[in-house]
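422 is the number that numbering that gives the first Met the number 0 gives to position 423 of the sequence shown; each next residue is one higher, with no gaps. All residues carry an ideal CB built from backbone N, CA and C; glycine is no exception. Model, not experiment: these values are computed from the prediction. Here is the structure we will look at.
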Amino acid sequence: MENLLRLVDHEDFFSRRCIWVNGPIIIGAGPSGLATAACLREQGVPFMVLERADCIASLWQKRTYDRLKLHLPKQFCQLPKLPFPEDFPEYPTKKQFIEYLESYAKHFEINPQFNECVQSARYDETSGLWRVKTVSSSGAAARGEIEYICRWLVVATGENAECVMPDIEGLSEFKGDVIHACDYKSGESFRGKKVLVVGCGNSGMELSLDLCNHHASPSMVVRSSVHVLPREVFGISTFELAVMLLQWLPLWLVDKILLILAWFVLGNIEKLGLKRPSMGPLELKNTKGKTPVLDIGALEKIRSGDIEVVPGIKRFNNGEVEFVNGEKLDIDAIVLATGYRSNVPSWLQEGEFFSKNGYPKMPFPHSWKGNAGLYAVGFTKRGLSGASSDAVKIAQDIGQVWKNETKQKKQRTTACHRRCISQF
Numbered sequence: 000m001e002n003l004l005r006l007v008d009h010e011d012f013f014s015r016r017c018i019w020v021n022g023p024i025i026i027g028a029g030p031s032g033l034a035t036a037a038c039l040r041e042q043g044v045p046f047m048v049l050e051r052a053d054c055i056a057s058l059w060q061k062r063t064y065d066r067l068k069l070h071l072p073k074q075f076c077q078l079p080k081l082p083f084p085e086d087f088p089e090y091p092t093k094k095q096f097i098e099y100l101e102s103y104a105k106h107f108e109i110n111p112q113f114n115e116c117v118q119s120a121r122y123d124e125t126s127g128l129w130r131v132k133t134v135s136s137s138g139a140a141a142r143g144e145i146e147y148i149c150r151w152l153v154v155a156t157g158e159n160a161e162c163v164m165p166d167i168e169g170l171s172e173f174k175g176d177v178i179h180a181c182d183y184k185s186g187e188s189f190r191g192k193k194v195l196v197v198g199c200g201n202s203g204m205e206l207s208l209d210l211c212n213h214h215a216s217p218s219m220v221v222r223s224s225v226h227v228l229p230r231e232v233f234g235i236s237t238f239e240l241a242v243m244l245l246q247w248l249p250l251w252l253v254d255k256i257l258l259i260l261a262w263f264v265l266g267n268i269e270k271l272g273l274k275r276p277s278m279g280p281l282e283l284k285n286t287k288g289k290t291p292v293l294d295i296g297a298l299e300k301i302r303s304g305d306i307e308v309v310p311g312i313k314r315f316n317n318g319e320v321e322f323v324n325g326e327k328l329d330i331d332a333i334v335l336a337t338g339y340r341s342n343v344p345s346w347l348q349e350g351e352f353f354s355k356n357g358y359p360k361m362p363f364p365h366s367w368k369g370n371a372g373l374y375a376v377g378f379t380k381r382g383l384s385g386a387s388s389d390a391v392k393i394a395q396d397i398g399q400v401w402k403n404e405t406k407q408k409k410q411r412t413t414a415c416h417r418r419c420i421s422q423f
């Protein structure tokens, strides 16, 4: 309370609605935020979750394509304390994953404050507390500013908070449809059209495949090297196989084994215009955060010519694209599978823990804890398993402080009661 009263000296203290949160504030109600909230619930620590959208896991619910499935087996994607239902397939669909997240939130009684868009968050040196300012919108018209005060701040907005829009000459003047992958739902609306897919990651590959399946003619831009691995080898998940091998073998050797298996299953993909990086897939993931593509059928379409691989883009001109090699191609639409980025720098006023790009400066596994009660979850570039690992650590760290302070308060209260009885 003493720390909270110190805030009164600030001139804008009474200019907005102010709410004290007895516990940590978690910013973001995606899988990372839900995992942290569940682990805090298990520790007996109260919390508040702030979410800018009107639902949990808004990226999954509103910004993913219809055919999406988890690319990894479900045991590597489940959140702490609650596994997937046994009747779910090995690779759950988008709909099933959303159902799992909703049941997860219900099971742990996680009730986020929806439509709360964080404008700024900063640590107040005077009070030793975090000040989180939001703009709240409940419906079409109602808007209001709220300031939340707390001791701990958990950043759970993740690596995919904002879509990346490339700056390419002529793109803004292109006459056809231009959408980012976050707005793509199905290839049905592109039936019969020539579509340029910009990007060859997991999303770019799968969207190109989906366009083929809906009788569109996709051309996929590949401007840099890329690792493509089979999703399964001899019926075993490639990811699961890598995890098992890493328990016994060094990373460089596991990379060699994966590339040999990939060549055996997929053949020489460089003949298809997909040059492999000099660095192995796992080493590249660990050092650069670049995820290898797990093939689910796109390579077969590339071999058959249904998906055309094209080089980097030089410029757009009306309904035409010119590539860096001088070749030109007429197109009807563009799908930008150019990825996502963190939005942390736009609202978090802090320069020690997070970089200018919005990621913790410390590498995994030390990227979850900063100073002054600041935490980060979902920034490991290791998917849901990495986020779950961080969530457990964060909850244990805060929970230990919470339990110690609760114990001390009980001891002081007991001592006070004893003095009163003695005096009586």
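Outcome for residue i when other beta-carbon atoms lying within 10 angstroms are tallied against a minimum of 16
i      : result
Val20  : buried
Arg51  : buried
Arg130 : buried
Pro45  : exposed
Arg150 : buried
Asp500 : The chain is shown only over 0 to 423; residue 500 falls outside these bounds and no answer can be derived.
Asn370 : exposed
Asn201 : buried
Met47  : buried
Met204 : buried
Gly304 : exposed
Asn356 : exposed
Arg16  : exposed
Given residue i as reference, the closest of the options once Cα atoms are compared
i      : options                        : result
Tyr147 : Gly22, Asn285, Gly234, Tyr374  : Gly22
Met361 : Lys380, Leu347, Trp129, Trp346 : Lys380
His214 : Gly191, Ser185, Glu326         : Gly191
Ala386 : Gly29, Ile167, Pro276          : Gly29
Arg314 : Leu100, Pro229, Ile330, Tyr122 : Ile330
Pro280 : Lys289, Lys274, Phe378         : Lys289
Pro364 : Pro276, Arg150, Asp166, Tyr374 : Tyr374
Glu168 : Tyr358, Lys355, Glu319         : Glu319
Gly296 : Asp209, Ala371, Asn356, Leu252 : Asp209
Phe440 : Ile55, Ser119, Cys116, Ser135  : Missing from the structure shown is residue 440; the chain here goes from 0 to 423 and no further.
Asp86  : Leu78, Tyr99, Phe75, Lys80     : Tyr99
Glu172 : Ile306, Ala332, Leu347, Ile301 : Ala332
Val225 : Ala390, Pro291, Gln74, Ile306  : Pro291
Nonlocal neighbours in the same chain, by C-beta distance under 6 Å from residue i, ignoring five residues either side
i      : result
Ile268 : Val227
Lys68  : Tyr90, Thr92
Phe238 : Leu71
Gln42  : Ala394, Gly398
Cys76  : Leu69, Leu383
Leu328 : Val320
Gly377 : Ser31, Ala155, Gly157, Ala386
Chain-order list of residues whose beta-carbon lies under 7 Å from that of residue i (same chain, five-residue window excluded)
i      : result
Asn159 : Leu58, Tyr339
Ala140 : For Ala140, the predicted model reports a pLDDT of 46, less than 50, meaning its position is unreliable; a value from the coordinates is still stated below. Cβ within range, chain order: n/a, list empty.
Asn212 : Gly186
Val232 : Leu240, Leu260, Val264
Gly27  : Glu50, Ala155, Thr156, Gly157
Gly311 : Val220, Arg222, Phe322, Val323
Ser188 : none
Val163 : Thr337, Gly338, Tyr339, Arg340
Residues near residue i in its chain [Cβ-Cβ closer than 8 Å; skip 5 each side]
i      : result
Leu248 : Ile256
Leu206 : Tyr64, Ala180, Tyr183, Gly186, Val196, Pro217, Val334, Ala336
Residue i, DSSP secondary structure in three states
i      : result
Ala155 : coil
Ala241 : helix
Gln95  : helix
Lys426 : With the chain running from 0 to 423 in the structure shown, residue 426 is simply not present.
Trp367 : coil
Ala140 : Residue confidence is low: Ala140 scores 46 on pLDDT, short of 50, so the model does not pin down where it sits. No coordinate-derived value is stated.
Asn285 : helix
Cys149 : strand
Met361 : coil
Asn212 : helix
Phe107 : coil
Ser119 : strand
Asp331 : coil
Leu248 : coil
Ser388 : helix
Lys313 : strand
Leu78  : coil
Pro229 : strand
Contact with chain D by residue i, beta-carbon distance below 9 Å
i      : result
Cys181 : The question asks about chain D, but that chain is absent: this structure has only one protein chain.
Exercise for review: Ignoring anything shorter than 3 residues or poking outside the stretch 162 to 188, list the beta strand (DSSP E) runs there in chain order.
Suggested key: Runs found: 176 to 179.
Exercise for review: Taking only runs that begin and end inside the stretch 45 to 71, name each unbroken beta strand (DSSP E) of 3 or more residues, in chain order.
Suggested key: Entirely contained in the stretch 45 to 71, the beta strand (DSSP E) runs reaching 3 residues are, in chain order, 47 to 49.
Practice item. For the stretch 259 to 283, list the alpha helix (DSSP H) runs that are entirely contained and at least 4 residues long, ordered along the chain. Key: Listed in chain order, there is nothing to give.
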